[in-house]
């Protein structure tokens, strides 16, 4: 009964390095989301995928790319990491219907030095 | 575009006192609204949700929220706060599959 699984849990990158954050859900949900959480800023939406095969920009997409690999998996890629991308990243998924709740992963704490 | 505003960044309340957290939303159509709680170092947990019907909705842990369309508000309340309610609380709105959150309100509970 895993729910939403994010890997890795912690990561330190050097400026300019690239990496991919992985997210997988086992609830057969259609919609998946990537957020970043910074103190005083709440959760800001980076990208989302309403269904398999579609992705859309959220509020803060610059510097990120996403791939909805299949219905289960939604990855977030940082092509050239910057210190401003130091944050905690959360993946979430939701089922069919606008009134369904979102389920969240435990987060990835990323530090860019 | 949809948005959520939580006017209070931080609230301190005494244990046993009542709590009210404010949330204002902006969305052109019928809103689907949620309140989530995040305990320190944890992920987010759903407290309650509103999508139609009764304007007062009940949630887990003794929380309730009232939807007021005329004020574009969805305020969260608890009659008597416990020390374990110390956490960060987020209001959220869904529109066209996009799930947007407010900046959050941190609640501190003093003995």
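Protein chains in written order, with the working numbering: chain E, 1090 to 1202; chain D, 753 to 863.
Backbone N, C-alpha and C fix where the C-beta goes; we use that ideal spot for every residue, glycine too.
Burial state of residue 762 of chain D is exposed, judged by a 10 Å Cβ sphere holding fewer than 16 other Cβ atoms.
Look at the stretch 1173-1202 of chain E: the residues with a C-beta under 8 angstroms from a C-beta of chain D are 1179, 1181, 1183, 1187, 1188, 1190, 1191, 1193, 1194, 1195, 1196. Considering only D:851, D:771, D:834, the residue with the shortest C-alpha distance to residue 857 of chain D is D:771. Chain-order list of chain D residues neighbouring residue 1131 of chain E: 842, 853, 854, 855, 856, by C-beta distance under 7 angstroms. Residues 786 of the same chain have their beta carbon placed closer than 6 angstroms to that of residue 801 of chain D, with the five preceding and five following residues left out of the count. At least one CB of chain E lies nearer than 8 angstroms to the CB of residue 846 of chain D. At least 8 angstroms separates the CB of residue 763 of chain D from every CB of chain E. For residue 1200 of chain E, the CB contacts under 6 angstroms within the same chain, skipping 5 residues up- and downstream, are 1101, 1175 in chain order. For residue 839 of chain D, the closest of D:777, D:853, D:861, D:849 by C-alpha to C-alpha distance is D:861. Chain-order list of chain E residues neighbouring residue 801 of chain D: 1188, 1190, by C-beta distance under 8 angstroms. Rounded to whole angstroms, the separation of the alpha carbons of residue 1159 of chain E and residue 1141 of chain E is 6 angstroms. According to the DSSP secondary-structure assignment, residue 843 of chain D is paired through a beta bridge with D:787.
With respect to residue 1111 of chain E, residue 1195 of chain E sits apart: the two C-beta atoms are not nearer than 8 angstroms. Think of a sphere of 9 angstroms around the beta carbon of residue 1139 of chain E: the chain D residues whose beta carbon falls inside it are 848, 849, 850, in chain order.
DSSP assignment within the stretch 772-826 of chain D yields no whole alpha helix (DSSP H) run of 4 residues or more.
Take residue 1098 of chain E, set aside five residues on each side of it, and the residues of its chain with a beta-carbon closer than 8 angstroms to its own are 1195, 1196, 1197, 1198, in chain order.
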